[in-house]
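Student:
There are 4 protein chains.
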Amino acid sequence: MAENGARRIRLGMVGGGAGAFIGYVHRIAARLDGDYELVAGALSSDPDRAASSARDLGIAPERSYADWAAMARAEAARPDGIDAVSIVTPNHVHFGPAKAFLEAGIHVICDKPLTATLEEARALADVRPAKGARFLLTHNYTGYPLIRQARELVASGALGTLRVVQAEYAQDWLTEAAETTGSKQAEWRTDPARSGAGGAIGDIGTHAYNLLRFVSGLKTQAVAADLSSFVPGRRLDDNVNIMLRFEGGARGMLWASQVAVGNENGLKLRIYGDKAGLEWGQEDPNRMWFTEFGKPRQLLTRGGAIDGPAAGAMGVRVPAGHPEGYLEAFATLYSQFAKVIRGDGDEVAGLLPTLADGVEGVTFIAAAVKSSRDDSRWVRFSEV
Amino acid sequence: MAENGARRIRLGMVGGGAGAFIGYVHRIAARLDGDYELVAGALSSDPDRAASSARDLGIAPERSYADWAAMARAEAARPDGIDAVSIVTPNHVHFGPAKAFLEAGIHVICDKPLTATLEEARALADVRPAKGARFLLTHNYTGYPLIRQARELVASGALGTLRVVQAEYAQDWLTEAAETTGSKQAEWRTDPARSGAGGAIGDIGTHAYNLLRFVSGLKTQAVAADLSSFVPGRRLDDNVNIMLRFEGGARGMLWASQVAVGNENGLKLRIYGDKAGLEWGQEDPNRMWFTEFGKPRQLLTRGGAIDGPAAGAMGVRVPAGHPEGYLEAFATLYSQFAKVIRGDGDEVAGLLPTLADGVEGVTFIAAAVKSSRDDSRWVRFSEV
Amino acid sequence: MAENGARRIRLGMVGGGAGAFIGYVHRIAARLDGDYELVAGALSSDPDRAASSARDLGIAPERSYADWAAMARAEAARPDGIDAVSIVTPNHVHFGPAKAFLEAGIHVICDKPLTATLEEARALADVRPAKGARFLLTHNYTGYPLIRQARELVASGALGTLRVVQAEYAQDWLTEAAETTGSKQAEWRTDPARSGAGGAIGDIGTHAYNLLRFVSGLKTQAVAADLSSFVPGRRLDDNVNIMLRFEGGARGMLWASQVAVGNENGLKLRIYGDKAGLEWGQEDPNRMWFTEFGKPRQLLTRGGAIDGPAAGAMGVRVPAGHPEGYLEAFATLYSQFAKVIRGDGDEVAGLLPTLADGVEGVTFIAAAVKSSRDDSRWVRFSEV
Amino acid sequence: MAENGARRIRLGMVGGGAGAFIGYVHRIAARLDGDYELVAGALSSDPDRAASSARDLGIAPERSYADWAAMARAEAARPDGIDAVSIVTPNHVHFGPAKAFLEAGIHVICDKPLTATLEEARALADVRPAKGARFLLTHNYTGYPLIRQARELVASGALGTLRVVQAEYAQDWLTEAAETTGSKQAEWRTDPARSGAGGAIGDIGTHAYNLLRFVSGLKTQAVAADLSSFVPGRRLDDNVNIMLRFEGGARGMLWASQVAVGNENGLKLRIYGDKAGLEWGQEDPNRMWFTEFGKPRQLLTRGGAIDGPAAGAMGVRVPAGHPEGYLEAFATLYSQFAKVIRGDGDEVAGLLPTLADGVEGVTFIAAAVKSSRDDSRWVRFSEV
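Right under this line is the structure:
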């Protein structure tokens, strides 16, 4: 992983100015394995904040832009222009820059969900990238080594035919009306204009949905959803109950909540086939239960005893017992995307979330919202 | 708890002959606190097995009956006849004996679900017990001390207004077609003639449903269910996905499965209000998470540090750190029902599952089956 | 287990009057499997308390005795006299009744440690029981099914040659001077006259020591101990640090504490050989870790998937996932001792703690106390 | 943390060529927060490996040195010479470069233990650094946020007067003779010429010792040790049993093992005072138990609900529930040492392991080895 003598990829960033959470995370992820160097940015729509943030990050003043459109134009024109850009803005500002940079031949790393609306998502899927520009959607939880191993176990047939999937993502930070008491994170995530039609379902439900799809490989047939908004005055859902039907007959449930008191970031996935079962939780990401029917439960560990996929693809950095976490999983997406950019991505092909995954995520949101509005009837993705 | 000098209650048993699981459990539960003495039985429909089982259990030959009807008549007529009877037969043999013994003025302790059909359940509710005979439904999981404490916490307002409930009951013992390979337990539990219209939903789903009702006190408005039968040839459901709506706006999900590989007896309950949340699992029953919003998670322990309801009502026998389990919880129902029988049950009033709870459980099964057959639409209890 | 048609064993009890903890536990243990009937007692040295306790327990007035000596004489003379007696008094009142009942030909069930002094222990070992009377020491933790399985795994060679043992028993109930604020339990357990030379080491250290010996089969060579008394005014140790050397070269540590805040009854055992390791904790007694070198950790469960010793010997009552606890483990000692009394104990031979185990436990206390007084030098058992 | 516009610190590295474990870790730690840039190295004593490793890491050929002495001279003479150096060689090659770079006025980041011998350690303590060069010993586990919080809790008096400390560090990777089957890591760590007089005690025992000192603040009075070497042919200890006495009367135990099958990197710390207790384990580093006497156990989380020290000092990067791990803790030492180097280290003063801590660690090794050789008698640090 990295440290291979290759030139660092020149990176730009849209959004992520001082005080932003996810932009900071993207920068650590970009640095961790040494594959990227941040050299340009349109870090904020507020010019002063953009400039001071750029200064703090060591971005040259002339490469700190007032807006992403100018940045895309200027960087595409520079001989030392950025190779790739990270888009870390609220959902409603994903489509514009993603389209612009792809058309400028600049690789795009974009936060999830893909866009604020299904229309935008589909339009983005139709964009023709210049110069073979590639796209990475940062469904970062797919970067956890044990999630990779889970996917490998399912694909290998170790679980047999899948029957039951249980996905959940429980948080409690929106238990009270944080959007009215100064939390910027809460403000835009509960604002339909900036988030789109989904609240919890877009913010965290799509992560859970993507993860179950990534690991199980199951194709969704229909969803029946019951979305709620418990906090008075809140305009988007803060609790999501969903039943799922998959092609081939498997069944699932997905629960996402931002009002489940006592949960910090409880993303969990459980998958059961006719031969074995798997259970994993994001807050304890270095351990995963794997049980073959009729045998004792086994606790697999990241990098621990068991044959698995190549460490390179899994992204294991340090030995078992030395916990890796959220930032390492995020960084694995960045460093493996660096391989793709350099034309050396065969080993990780198929592991990195794509634009198509992003469209499916936004479709999932739309279908769930539609089902919930229609008294929880089963809604197929083709209906939205 | 017991040991109070009172005469032991004379107990009879219907079902529970050699090899039966739940009959054995009921006998331990009856003995543990010293409140009962088993003196009569119609232990099996097979006369030889009935007789030899009675002999092993020290039941006098003349009080080992060929059938429950004869037993009800004869015991009611004896001056030293049984005070109470335990009915531990498959579901389709609950209604008959329960009616007979109640009408004979003998207290009834009956396993769940109440009956195999909703018609029977309602008919049983209409029975007029003689001599004030009382009824106990052994939803044994309500006997766990921390479940009692959870109920108390909810009732006290410590959780605030309830919003979200997640109940689940995951097992894996029916992952393969055990009903075709000699498991008597599997045979009747997957046989509509003996179990009724519900498989997993009746066997374990009702436990999960009862528990969430017991603790939360929420009243159910409607259910939307998706029942599946994954094992080829199986005639009843072995996986149950349900969404719930409660009066007042709370929402819930309930998952019950007998094909979730790696799960032994995974009954879990999570309840979230606008002030605090609770999480408890039956396989680790001496610990419960309680978190007030914005404070650290607390691990409450059975009998441990915290103010709680009176130990007598909770049924704590030994100090914190000395684990009590399934049998103790079961025994608590027995010993507290003994108090009720002796007219000393005020402290435990409202804690013991009733015939009405049984009717609701069977209603729940019927509504879920109906919803599942009707493409998972929301079904109110009043519709079945 | 029980329920086999055999006559119930007539049981007497010395100590265990109203308010006593361990006497109550012994009575539940005696009842649970149906093998015993309590018919006589010398329940308290306080005559009123003895009489009222007997009445509450349904003991006939003429079989409620003022002292154990009278009880031994009278019961031995009755044609329907007790078969066995449970001695549940403080340590300094073990020797007298144990000797008297054994010499009266009555089986003895005695709480641990065996006696308050090594002299008494050795004298008891020299007693000649009449009529083949047998002795059971209630090191109850050996009754846990997984502890039995751990012993079986070690004996089978599954762990290879043992190298390292870590035993600990952490509590916190004596963090403050409970012996001065009305706790009778604390009073006698911190009183050298009633407990002997050891405080925590006698009360809980002997349990941990017995358990490691029971499971590992290792023979102790020497101990180096550092005993402390942290609470001002306390006359016996409340924290025990010990290093152990075993024959064959294995090494161990044992920590027992009654001032470790946050621990309720934390008895834990970890054993490592050159092939595999085992880890078990009493507060989560239905699960045990077993790891073969180079393979994933396995979580064995009581009654769960794995070949093991016969369920009869292990004492499993209910299926995996239905937790059994402290009382069941205790009851297993009682019901298996019933088999021994009835001459049907072959299957459990070697599993029940003996008088010799009791002598070794008191020797362990004496050696540790001597080592601690002698600046923690290594002390062999032959030196005390 | 970082991202503050300051110039990146120019870093060199001694050791850490291709295939090395800890050098790779140091490089990630140096990159993660963006405070360092690796520009020079003496990466291997093998010239070819040194050169190719330098190339892979993007180090200019003229700054890839054949040995550390040449590197110290040359870099000190360059106007753009390195500001700091990381020493990541085996223990016996710590003293030489540390002395050379300190005397050349270059800040030193050195892996633990400080040196292979106590003589070297003391000699290093006597070195006079030029130009105010500072020293950081990478006892990386002190960088975990909850360890910082634990230290803060102890210092605040929340635990009261400390009584009992239990530290342990269990691994299993040396269960077999890995040093004879090609593991370079195993080779030097079991070789007295390269590791010094301690095996497990130096490699991991010093981490456990340092951690208990860091958190508790207790001063060691004496140790009584029993060191073993279980694997045939092994020349250094692979299992360490130690009892500790602290000034003021607190007592402790420390267990370190590399043959405890089933343990990957099990560093754990438990501390008990007369008011409260703390428990933390490195494999689950985002959670810590804190229990006040008589109250329920609380599960504190990294960045979670509770008042704590400033996030800057604790090194929290992402919110609670987003696990940080080994690399982040390591990186925190690097980024906070960057603050010290820049003269902005007041907030973290006292949190970073020093040369004096290194001397104490080597003293601890020497005292334990001496005690073990002397039949485990208590040895004071002043005796070695």
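Protein chains in written order, with our numbering: chain A, 1 to 384; chain B, 1001 to 1384; chain C, 2001 to 2384; chain D, 3001 to 3384. Glycine included, C-beta positions come from ideal geometry on N, C-alpha and C.
Can you tell me whether DSSP reads Trp-378/A as helix, strand or coil?
Tutor: In this structure, Trp-378/A counts as coil in the three-state DSSP scheme.
Student: List the residues that DSSP assigns as beta-bridge partners of Met-1314/B.
Tutor: DSSP, once it has assigned bridges, lists no residue as partnering Met-1314/B.
Student: In angstroms with no decimal places, state the Cα-to-Cα distance between Gln-336/A and Asp-3056/D.
Tutor: Near 17 Å, if we compare the C-alpha coordinates of Asp-3056/D and Gln-336/A.
Student: Given a threshold of 16 other Cβ atoms within 10 Å of its Cβ, counted over all protein chains shown, does Ser-1376/B qualify as buried or as exposed?
Tutor: So Ser-1376/B ends up on the buried side.
Student: Give me the residue from Trp-1255/B, Ile-1271/B, Lys-1295/B, Val-1025/B with the minimum Cα distance to His-1139/B.
Tutor: Checking every option, the nearest Cα to that of His-1139/B belongs to Val-1025/B.
Student: Can the beta-carbon of Ser-45/A be found closer than 8 Å to that of Ala-18/A?
Tutor: No, the pair does not count as a contact, with Cβ atoms beyond the cut-off.
Student: Is the distance from the Cβ of Trp-1068/B to the Cβ of Ala-1042/B below 8 Å?
Tutor: Yes; because the gap between Cβ atoms is below 8 Å, this pair is in contact.
Student: Any chance the segment 2268–2284 of chain C sits against the segment 2186–2201 of chain C, with 3 or more Cβ pairs inside 8 Å?
Tutor: Not touching, per the Cβ criterion.
Student: Return the CA-CA distance between Ala-186/A and Gly-199/A, expressed in angstroms with no decimal places.
Tutor: Rounded to whole angstroms, Ala-186/A to Gly-199/A spans 10 Å at the Cα level.
Student: Can you list, in chain order, the residues of its chain with a C-beta nearer than 8 Å to that of Leu-2355/C? Leave out the 5 residues immediately preceding and following it.
Tutor: Correct list, in chain order: Leu-2114, Leu-2124, Ala-2125, Phe-2135, Leu-2137.
Student: Return yes when the C-beta of Gly-1132/B is under 7 Å from any heavy atom of the ligand GTP, and no when it is not.
Tutor: With respect to the ligand GTP, the structure shown offers nothing to examine, as it has no ligands at all.
Student: Kindly indicate if chain C contains any beta-carbon less than 8 Å away from that of Ala-1040/B.
Tutor: Chain C contact via Cβ: absent.
Student: Are the C-beta atoms of Tyr-3209/D and some chain C residue less than 8 Å apart?
Tutor: Chain C, which has no Cβ nearer than 8 Å to the Cβ of Tyr-3209/D, makes this no.
Student: When the cut-off is 8 Å and only beta carbons count, does Ala-3305/D lie next to chain B?
Tutor: Yes, contact with chain B.
Student: List the residues of chain B that Tyr-2326/C touches, going by C-beta distances under 8 Å, in chain order.
Tutor: Those are Val-1318, His-1322, Pro-1323, Glu-1324, listed as they occur along chain B.
Student: Run through chain A and tell me which residues come within less than 8 Å of Trp-1255/B, C-beta to C-beta.
Tutor: Neighbours of Trp-1255/B on chain A, chain order: Gln-166, Met-253.
Student: If you follow the alpha helix (DSSP H) that Trp-3173/D is part of, which residue opens it and which one closes it?
Tutor: Counting along the chain, Trp-3173/D falls outside any alpha helix (DSSP H), and DSSP gives it neither H nor E.
Student: So, with DSSP's three-state summary, where would you put Asp-2226/C?
Tutor: It is a strand residue.
Student: Helix or strand or just coil, what does DSSP make of Asn-1241/B?
Tutor: Reduced to three states, the DSSP call for Asn-1241/B is strand.
Student: Could you list which residues in chain B have their beta carbon closer than 7 Å to that of Arg-2297/C, in chain order?
Tutor: Here the premise fails: no neighbours, minimum Cβ distance about 14 Å.
Student: At a cut of 8 Å, does the segment 165–176 of chain A reach the segment 316–329 of chain A through at least three beta carbon pairs?
Tutor: No, because fewer than three Cβ pairs between the segment 165–176 of chain A and the segment 316–329 of chain A fall closer than 8 Å, the two stretches do not touch.
Student: Report the CB separation of Phe-101/A from Val-88/A in whole angstroms; it is logged as a contact under 8 Å.
Tutor: The pair is not a contact, with the Cβ atoms about 13 Å apart (cut-off 8 Å).
Student: Give the DSSP bridge partners of Ala-2107/C, in chain order.
Tutor: The identity of residue 2107/C in the sequence shown is His, whereas the question assumes Ala. Beta-bridge pairing links His-2107/C to Ala-2084/C.
Student: With a threshold of 8 Å between beta carbons, is Thr-3301/D in contact with chain C?
Tutor: No - not a single Cβ of chain C is within 8 Å of the one on Thr-3301/D.
Student: Are the Cβ atoms of Phe-381/A and Thr-220/A separated by less than 8 Å?
Tutor: It is a contact, given that the beta carbons lie within the stated cut-off.
Student: Buried or exposed: which applies to Leu-1228/B, given that a residue is buried once 16 or more other Cβ atoms fall within 10 Å of its Cβ?
Tutor: Note on residue identity: the sequence assigns Ser, not Leu, to residue 1228/B. Label assigned to Ser-1228/B: buried.
Student: Output yes or no for whether 8 Å exceeds the beta carbon distance between Phe-214/A and Thr-142/A.
Tutor: Against a cut-off of 8 Å, the Cβ pair of Thr-142/A and Phe-214/A comes out as a contact.
Student: With burial defined as no fewer than 16 other Cβ atoms inside 10 Å of the residue's Cβ, what is the status of Lys-1184/B: buried or exposed?
Tutor: Under this definition Lys-1184/B is an exposed residue.
Student: Determine contact between the segment 2348–2366 of chain C and the segment 2201–2210 of chain C, defined as no fewer than three beta-carbon pairs at a distance below 8 Å.
Tutor: Contact holds: three or more Cβ-Cβ distances are below 8 Å.
Student: Indicate the three-state DSSP secondary structure (helix, strand or coil) for Tyr-2036/C in the structure shown.
Tutor: Strand.
Student: Quick test of the definition: if touching needs 3 or more C-beta pairs under 8 Å, does the segment 3254–3266 of chain D touch the segment 2283–2301 of chain C?
Tutor: Segments in contact, yes.
Student: Check the Cβ of Gly-34/A against every Cβ in chain D and list those closer than 9 Å, keeping chain order.
Tutor: Those within 9 Å of Gly-34/A in chain D are Arg-3027, Ile-3028, Arg-3031, Leu-3038, Leu-3057, Gly-3058.
Student: Measure the alpha-carbon distance for Val-2093/C versus Val-2127/C and round it to whole angstroms.
Tutor: C-alpha separation (whole angstroms): 16 Å.
Student: Who are the Cβ neighbours of Met-2001/C in its own chain at under 6 Å, not counting the five residues just before and after it?
Tutor: Residue confidence is low: Met-2001/C scores 48 on pLDDT, short of 50, so the model does not pin down where it sits. Its coordinate-derived value is still stated next. Excluding residues within five positions, the ones whose Cβ falls inside 6 Å are Asp-2033, Ser-2335.
Student: Determine the closest residue to Ala-2349/C out of Lys-2339/C, Asp-2083/C, Gly-2358/C, with distance taken between C-alpha atoms.
Tutor: Nearest C-alpha to Ala-2349/C: Lys-2339/C.
Student: From the DSSP output, which residues share a beta bridge with Ala-50/A?
Tutor: Paired residue(s): none; Ala-50/A is not in a bridge.
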